[in-house]
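1038 is the number of the first residue of the sequence shown in my numbering; add one for each residue after it.
Yeah, the Cβ is synthetic: ideal placement off N, Cα and C, and Gly gets one too.
Heads up, the thing below is written out as structure tokens.
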Amino acid sequence: MAKTIGIIAIKGGVGKTTISAALATDLANHYQKKVLLVDTNYSAPNLGLHMDILEPDKTIHHVLDKKVHAKSAVHEKFGVDVIPGEYVYNKNIPYLKLKDRLAPLKKDYDFIILDSSPSLNDEMLSTMLASDALFVVTTPDYPTLSCTIKAAKLAKQRGKPIAGIIINKIRDPKYELTIREIEDSVDIPVIARIPDDKHAIRSLFSRIPLPLYKKSSPLSQEINRLNAALTRNKEKKSFFQSLMPFDFRRERVNRELLKEDFYSNTFKS
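Structural data, given as structure tokens:
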């Protein structure tokens, strides 16, 4: 039975879709998991651009509108099954039916990754309600942190507490929030810490997900370490890390805790 993970953010430009695509392709290609990746950013879908699906004939919009079954809207790309969004869809659709529409597919996958809307509305709520666990993507600055606090509050109200924070686009730590400051503000563990990766924009231009475009890039490596926790595997260490008997980086400790809790407490499917 698939474990459904919602990737959310309440501010555009933090790299949420890049991370969603990277999580899915790394799970499928490195850990040989069966993965379904779904664009649930209904108003401004762009997951297809990241996954090189430019003109989908069937989309999540058609699934929600009951024009097609979810299985017939699946496009296979880069080893991942993808249900993209419709770039222009002028009809109102029942966003909150997402969980019901995807339910028949859960038995066919190990993971379902939902790339959420960055707006605090019914679009994001549909992702929250359809997910077994939520990860929030943020950048280490005060404006984005304030948005993250709002997401955490909504998720808690809906009985879907956020399982972890992914800090992306770290540029100058001297002038950015620390892991401790972020965790103290939202009371959620940081599970990945990613430097600003110049390869991300290159992979998007090429429409090849980053773990396949440049598997040695900082983002690809950290996503691989996070996926090790999600699949209960050992993290790969660099040569210098292997010389250290213990690794007390906070995000790595949090991933070890996540590995223990993820299946026992988070997923009830």
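{"Query": "Would you kindly work out how many angstroms separate the C-alpha atoms of K1251 and P1232, rounded to a whole number?", "Result": "15 Å"}
{"Query": "How is G1049 classed by DSSP in three states: helix, strand or coil?", "Result": "coil"}
{"Query": "Would the C-beta of K1193 count as close to the ligand SAH, meaning under 7 Å from any of its heavy atoms?", "Result": "Among the ligands in the structure shown, none appear at all, so the ligand SAH cannot be discussed."}
{"Query": "Which value, in whole angstroms, describes the spacing of the CA atoms of I1202 and F1242?", "Result": "26 Å"}
{"Query": "If distances are taken between C-alpha atoms only, which option among P1180, E1213 and K1193 comes closest to F1172?", "Result": "K1193"}
{"Query": "Would you check if the distance between the CB atom of A1107 and the CB atom of P1155 is smaller than 8 Å?", "Result": "no"}
{"Query": "Under 8 Å between the Cβ atoms of A1065 and G1122?", "Result": "no"}
{"Query": "Less than 8 Å between C-beta atoms, sequence neighbours within five positions excluded: which residues of the same chain meet that for L1086?", "Result": "L1241 and R1244"}
{"Query": "Residues in the same chain with beta-carbon distance under 6 Å from L1166, minus the five sequence neighbours each way, listed in chain order, please.", "Result": "K1136"}
{"Query": "Let's see if you can read the secondary structure: which residues bound the beta strand (DSSP E) around S1153?", "Result": "F1148 to S1153"}
{"Query": "Just list the beta strand (DSSP E) runs in the region 1106–1163, keeping only unbroken ones of 3 residues or longer that don't cross its boundaries, in chain order.", "Result": "1112–1114, 1117–1120 and 1148–1153"}
{"Query": "In whole angstroms, what is the alpha-carbon distance linking F1285 and Y1126?", "Result": "48 Å"}
{"Query": "Using a Cβ-Cβ cutoff of less than 7 Å, which residues in the same chain neighbour H1112 once the five nearest sequence positions on both sides are dropped?", "Result": "I1090, P1093, V1119 and P1121"}
{"Query": "Does the count of Cβ pairs from the region 1182–1198 and the region 1052–1069 closer than 8 Å reach three?", "Result": "no"}
{"Query": "Closest to I1225 by CA distance: which of E1288, K1103, T1054 and V1051 is it?", "Result": "E1288"}
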